[in-house]
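Numbering (this note's numbering), first residue to last: -18 to 35.
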């Protein structure tokens, strides 16, 4: 990963999140997974992964 982009954007610490769903319809489908990664100075420092039963 090119860490220079973090310096250009002034991102010392940030969290990237991701969700997985059973489909694309927000009214009918459900979230089944939530995940996140905390980055400090361009390096992953903590992770979280939650599986959700719809």
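For every residue, glycine included, the Cβ atom is placed at its ideal position computed from N, Cα and C.
In this structure, -2 is the residue among -15, -2, -16 and 7 with its C-alpha nearest to the C-alpha of residue 28. Across the structure, residue 10 and residue 34 are spaced so that their CA atoms are roughly 12 Å apart. In this structure, the beta-carbon distance from residue -10 to residue 15 does not fall below 8 Å.
Taking C-beta atoms as the reference points, residue 1 and residue 13 count as a pair closer than 8 Å.
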